[in-house]
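Heads up, our numbering is the position in the sequence shown plus 78, with the first residue counted as 1. Okay, so here's the structure we're looking at.
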Amino acid sequence: MKQLDMVYLMKVALHVEDMNDVQNIEMINKKCGIAINSLKINPWFTSEKDVNKFCRIFNPPTCNCNLLNVDESVLMKVEKIRNYDLQHFFKTSNGKQPKQSMESMTCFSYASEEVIGIIIQNMKKGIKIRCNELIAKKFDTIFDKMKINESFYPSEMIVVGSTNGKCIKNVEKKNVLMICYCQLTDEILMDIPKSIRVYSTRVFIPETNNESNVKHIRSSHELLFSNIKPIYQQPFKGTVDVKININDINNEENRKKVHQIINDLYANSLTIYDNRNGLFGQCNELIVFETSQLPESIKYISFSLSDSKLIMSNKHIECVEMHGQRSSLELQSINNLKQLIIDGVNEIKINEKNKEQGITTTNKRRYWKEIQENIYTFQNLELLRLDYCSNLNISLISNKLKSIEIINCRECKINIKSDCIERLKLERNKQTQIKLSTNKSNNICIRECENFKFEIESNNEQNIEILEGNQINVKSKCPINKLIVSQSKQVNITGNERCNTMKVIESTINEIDVKPKRIIFKSIEEYIKVPLKEAEEIYIVSMKDYIFEELFDKCKKLCIDECENCQFIINKNQIKEMKITKCKNTEITGKLDNIEEIITIDNEECNIPETKNVIKEDTEIIEMDNTNKDIEIETDKKYVIIRNIHDRNIKIRSNINSDVTIENCKKFRFEGEYEEYGNIKLINCMGNDTPFIGEETTTRIGCAESVMINKFENNYFKIGKIKKSLEVIDSQVGIGVSSIDDNNIIDKVHIENTKLYGTVSIVPCNKVCIINSTETYSIIRQCKEELVLKRMNDIRTKLSESLKKLEMEECDLIDIDNDMKRKEVKMVRCHDIKIVDTSNSINQIDCDNVEVITEQQNEMMGGFGMMRGFIPNNMPMGGFGGGLNR
């Protein structure tokens, strides 16, 4: 075959994942470079960053948004826009009509009549619109009211939903397609106008022998318009998924038709459901389904059915997912099974026993002798997930098992043996026992479990974390590298094994008999004696009113941070390094002759040993380097400074309450969800290109003395506890401060020149000062003592009943929806204010149009609820439009 000089491709969209692929193609040779440069439209990239970069470099006339949030500057330069998601809609600031031709647009979320009106006014002929039934009805109504020429109606209107299409006028003259995700029936089809083409994501078998005009599609409707995989879609699903009613597959006559549809769609994945009483309704009839009724091409099966029994006998099936209350699963063939996901099942029966146990291990695991008769070997199982299961009793061996998830299970006994485990997730389980035998080192995280027993046996070191648990019993038959217990109660750790590091944060320990070399105690209210005499490094942090004695026999390094009214008695002369920082009324006595250096910072009224080498500085600085590795450090420095870090994850494990400063960093993710810090400062940073809330732009902080955010854009802060102050200045961020305990109250909050976004939630605050900022409603409402508002506009809110003082300066259009009687209220240069003060004691300076509702007026109006458009339930009669803080 002769070499082709040139290949011409017409109307072809390039499918590559990112710009790296494009650049690799471009560099193959000169002709490839010409081909890339001649593309009229960007490839189907899966990130807006790559779309923006491609369009800026190659300037294609058409931009395929692929439902991504492409930069406005990019969209303004192209001639045509395709696959645009209306939720990213923007109005041009100059008020001019956009010159671009919108070829196709998608809207599955809410859109106001105003936005739809703007779209209709500016859309060009031939536009294709994909939307839900609510948007379609609203679009058609507004289009008719505006009396637009019918020729401008979309060339293709794809409606996703369960509508019959009659909401669209003159539908027979329009090109309307309906993607129906509900269960179709003959009655529903008869109600749909014949001019509408109907597509279904579920297999439809008509009750009559007449042929239906329904066309089946082989994927979810989201994937029809974009190659961005929905975040909620299960990763194990096949490339082609078809939904089938169990009645059709159990019916012998319909089964042949179902098989034909499956073959026509080249499906390899099935979702089987039942619509008797909803997906999980109470049913009296037990349904039995055998997978032998399925074609051999099916590799993935998802079973959504309550009160049912699934018999898995098809040897070709690799992945099984079963959702159902009061249901059971019988596995007759397990050799080819790779993934098993079970939700709500209370019985698993395995009838295929392995004649030969083909898996051997290097160590003898004692408890397996007790359950040998009921153990089953899964030769190829790689993933096991149990969710919302109850009363399960299962034991299995698999040397390919990499991922285990056991979540929300009740009263279960689970025994697993595998030497390949890479991921282990144990969350929100109650009254459950799990035994694990493995020779691979793992990070074992037990999160939010209650009355939970876990036994681990291994020859290799394991990392164990117990987070937010209650009545947790861990039996370790293996050495432990790191043992972390955080925000947990009544924890028992037994096994008498060695442990490199033990860290206990805000927890209560009943019993620990491991032998840690390094110990960190933080904020432990009830201290019990644990075997510390073997420890060479000891960190005591945020402890009050304790005497520590006979604990430091082998201790060489002792760090005491933020302790108050404590006494440390050293009986053996072993300590060489000592650090005492930010302590009050704390005394260290005993044999201290061997101390070589002491670091002492900001202590008050403390008895500190004398030594020749006294250090007043304790700082660690991390700056940009040439590697792309994430930053994960464990530190005992009092001050940590991170500068000029880009595109990395930052994780700081602080043995003491370190002050952390992050400066001039971009596109980073800070992770410290279960850590306690001192003062945290984030200065001149950026989380992402756009204010999108996601995992990659969420900063997690367990507990901090104070948090200061200055000149930070596009990041969401999820904080467990702030002891003293929160300060946000010149920033655009989201804030969420949860309540670890009932006494979590922030002393001071200062917000200035800041736009908050997302769901802003915060615990009660004593003093709040807000200056020229938006979306601060929840913070204003949580202020308990003193509230200061400066240069704030258009706010309608209800204040805390416990508020003592309110001060407003240069504020406009403020409505306060509660009586300020006997509270100190001061207003300076304010305009258009409405407030209830039945004591009539407001101090006004240079104000105008201030309407104070007195006690008599308030009684006449029946309370403040009838004032300025309010109806009695405090809902504005005109809706919530017009103000950012309303």
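From the three backbone atoms N, C-alpha and C, an ideal C-beta is built for every residue, glycine too.
Exercise. Taking the Cβ atom as the reference point for each residue, do Lys901 and Leu881 lie within a distance shorter than 8 Å?
Worked result: For the purposes of this step, residue 901 is identified with residue 823 of the sequence shown, where counting begins at 1. For the purposes of this step, residue 881 is identified with residue 803 of the sequence shown, where counting begins at 1. Using a Cβ distance threshold of 8 Å, Lys901 and Leu881 count as a contacting pair.
Exercise. Which same chain residues, not among the five before or five after Asp708, have their C-beta less than 6 Å away from its C-beta?
Worked result: Taking the first residue of the sequence shown as 1, we reach residue 708 at position 630. These residues qualify, in order along the chain: Arg726 and Asn727.
Exercise. Within this structure, are the beta carbons of Asn733 and Asp714 separated by less than 8 Å?
Worked result: Working through the sequence shown from its first residue, we reach residue 733 at position 655. Working through the sequence shown from its first residue, we reach residue 714 at position 636. Between Asn733 and Asp714, the C-beta gap is smaller than 8 Å, which places the two residues in contact.
Problem set entry | His93 burial status per 10 Å Cβ neighbour count (16 or more: buried) | By 1-based counting over the sequence shown, the position of residue 93 is 15. Classification for His93: exposed.
Exercise. Does the segment 371-379 come within contact of the segment 401-413, defined as at least 3 CB pairs closer than 8 Å?
Worked result: Counting C-beta pairs closer than 8 Å gives fewer than three between the segment 371-379 and the segment 401-413, which falls short of the contact rule.
Problem set entry | DSSP state of Gln338 mapped onto helix, strand, coil | Here residue 338 is taken as the residue at index 260 of the sequence shown, counted from 1. Shown here, Gln338 sits in a helix according to DSSP, grouped into three states.
Problem set entry | Under the three-state DSSP convention, the category Val152 falls into | Your numbering for residue 152 matches position 74 in the sequence shown. Val152 falls in the helix class under three-state DSSP.
Exercise. Taking three-plus beta-carbon pairs below 8 Å as touching, is the segment 238-254 in contact with the segment 263-276?
Worked result: Taking 8 Å as the limit for Cβ pairs, the verdict is that the segment 263-276 does touch the segment 238-254.
Exercise. Could you give the uninterrupted runs of the beta strand (DSSP E) lying entirely in the segment 457-524, keeping only those of 3 residues or more?
Worked result: Within the segment 457-524, the complete beta strand (DSSP E) segments at least 3 residues long are 461-465, 471-475, 481-485, 491-495, 501-505 and 508-515, listed from N- to C-terminus.
For this session: Could you have a look at Ala214 and say whether DSSP puts it in helix, strand or coil?
Result: Start at 1 with the first residue of the sequence shown, and residue 214 comes out as number 136. Here Ala214 carries a helix assignment [DSSP, helix/strand/coil].
For this session: Would you please state the rounded distance, in angstroms, between the beta carbons of Asn871 and Asp893? I believe it to be under 8 Å.
Result: What you label residue 871 is simply residue 793 of the sequence shown in a count that begins at 1. What you label residue 893 is simply residue 815 of the sequence shown in a count that begins at 1. Actually they are not in contact, since the Cβ atoms of Asn871 and Asp893 sit about 12 Å apart, beyond 8 Å.
For this session: Pick helix, strand or coil for Arg275, following the three-state DSSP scheme.
Result: Counted from its first residue, the sequence shown places residue 275 at position 197. Strand at Arg275.
For this session: State buried or exposed for Ser187, treating a residue as buried only when at least 16 other CB atoms are found within 10 Å of its CB.
Result: Within the sequence shown, the letter at position 109 stands for residue 187. By the neighbour-count rule (16 or more Cβ atoms within 10 Å), Ser187 is not buried but exposed.
Problem set entry | Touch test, the segment 197-216 against the segment 226-233, Cβ-Cβ under 8 Å, three pairs minimum | Yes, they touch.
Exercise. What are the uninterrupted segments assigned as alpha helix (DSSP H) that are 4 or more residues long and contained completely in the segment 847-931, given in chain order?
Worked result: The alpha helix (DSSP H) runs of length 4 or more contained entirely in the segment 847-931 are, from start to end of the chain, 855-859.
For this session: Please name the residue in Val423, Ser476 and Thr516 whose C-alpha comes closest to that of Arg488.
Result: Numbered from its first residue, the sequence shown carries residue 488 at position 410. Nearest C-alpha to Arg488: Val423.
Exercise. Can you give the Cα-Cα distance for Lys518 and Thr739, rounded to whole angstroms?
Worked result: The residue given as residue 518 occupies position 440 in the sequence shown. The residue given as residue 739 occupies position 661 in the sequence shown. C-alpha separation (whole angstroms): 37 Å.
Exercise. What is the DSSP secondary structure of Leu383, reduced to helix, strand or coil?
Worked result: Position 305 of the sequence shown, counting from 1, holds the residue named residue 383. Coil, per DSSP.
Problem set entry | Identity of the residues DSSP links to Val398 by a beta bridge | Position 320 of the sequence shown, counted from the first residue, corresponds to residue 398. Partner(s): Ile379 and Leu418.
For this session: Would you mind reading off the limits of the beta strand (DSSP E) that contains Met235?
Result: The count along the sequence shown starts at 1 and reaches residue 235 at position 157. That run of the beta strand (DSSP E) goes Glu234 to Gly239.
For this session: Kindly indicate the opening and closing residues of the alpha helix (DSSP H) around Phe748.
Result: Looking up residue 748 in the sequence shown gives position 670. DSSP places Phe748 in no alpha helix (DSSP H) but in the uninterrupted beta strand (DSSP E) bounded by Arg747 to Glu754.
Exercise. Which residue from Leu867, Lys899 and Met886 puts its Cα closest to that of Glu879?
Worked result: The residue labelled residue 879 in the question sits at position 801 within the sequence shown. Distance check between Glu879 and each of Leu867, Lys899 and Met886 places Lys899 closest, using alpha-carbon atoms only.
Problem set entry | Lys799 versus Glu751, Val838, Ser278 and Met764, residue with shortest Cα-Cα distance | In the sequence shown, residue 799 corresponds to position 721, counting from 1. Ranking Glu751, Val838, Ser278 and Met764 by Cα distance to Lys799 puts Glu751 first.
Problem set entry | Option in Ser536, Ile590, Val366 and Asn574 with minimal Cα separation from Ile562 | Here residue 562 refers to the residue found at position 484 when the sequence shown is read from its first residue. Comparing C-alpha distances from Ile562 to each of Ser536, Ile590, Val366 and Asn574 shows the shortest one belongs to Ile590.
Exercise. What is the rounded straight-line gap between the Cα of Ile679 and the Cα of Lys416?
Worked result: Here residue 679 refers to the residue found at position 601 when the sequence shown is read from its first residue. Here residue 416 refers to the residue found at position 338 when the sequence shown is read from its first residue. A direct Cα-Cα distance of roughly 57 Å separates Ile679 from Lys416.
For this session: Decide if Pro232 is buried, meaning its Cβ has at least 16 other Cβ atoms within 10 Å, or exposed.
Result: Counted from its first residue, the sequence shown places residue 232 at position 154. With a threshold of 16 other beta carbon atoms within 10 Å, Pro232 meets it and is buried.
For this session: Quick one: measure Cβ to Cβ for Lys555 and Glu535, integer angstroms, because I've assumed they're closer than 8 Å.
Result: Against the sequence shown, residue 555 aligns to sequence position 477. Against the sequence shown, residue 535 aligns to sequence position 457. Right, their Cβ atoms sit about 4 Å apart.
For this session: Taking Ile602 as the reference, give the member of His724, Lys622 and Arg596 with the closest Cα.
Result: Here residue 602 corresponds to residue number 524 of the sequence shown, with the count starting at 1. Ranking His724, Lys622 and Arg596 by Cα distance to Ile602 puts Lys622 first.
Problem set entry | Residue environment, Ile699, which counts as buried when at least 16 other CB atoms sit within 10 Å | The residue given as residue 699 occupies position 621 in the sequence shown. Counting Cβ neighbours within 10 Å, Ile699 comes out exposed, since fewer than 16 surround it.
Problem set entry | Cut-off 6 Å between Cβ atoms - residues of its own chain near Asn521, not counting five sequence neighbours on either side | The residue given as residue 521 occupies position 443 in the sequence shown. Here the set comprises Asn541.
For this session: Tell me whether the beta-carbon of Glu104 lies closer than 8 Å to the beta-carbon of Ile119.
Result: Translated into the one-based positions of the sequence shown, residue 104 becomes position 26. Translated into the one-based positions of the sequence shown, residue 119 becomes position 41. Cβ distance not < 8 Å, so Glu104 and Ile119 don't count as in contact.
Problem set entry | Nearest-angstrom Cα separation, counted from Lys127 out to Val398 | Position 320 of the sequence shown, counting from 1, holds the residue named residue 398. Position 49 of the sequence shown, counting from 1, holds the residue named residue 127. Rounded to the nearest angstrom, the gap between the Cα atoms of Val398 and Lys127 is 36 Å.
For this session: Determine the DSSP secondary structure at Gly836, reduced to helix, strand or coil.
Result: Taking the sequence shown and counting its residues from 1, the one referred to as residue 836 is at position 758. Three-state result, Gly836: coil.
Problem set entry | Proximity to Ile658 [Cα-Cα], best of Glu640, Lys650, Asn574 and Leu670 | Position 580 of the sequence shown, counting from 1, holds the residue named residue 658. Residue nearest to Ile658 within the set Glu640, Lys650, Asn574 and Leu670 is Glu640 (criterion: CA-CA distance).
For this session: Assign Tyr971 to buried or exposed, taking buried as 16 or more other Cβ atoms, counted over all protein chains shown, within 10 Å of its Cβ.
Result: Lying outside 79 to 964, the shown extent of the chain, residue 971 is not represented and no answer is given.
Exercise. Alpha carbon to alpha carbon, what distance is there between Asp96 and Ile207?
Worked result: Within the sequence shown, numbered from 1, the residue matching residue 207 stands at position 129. Within the sequence shown, numbered from 1, the residue matching residue 96 stands at position 18. Each residue's alpha carbon lies about 26 Å from the other.
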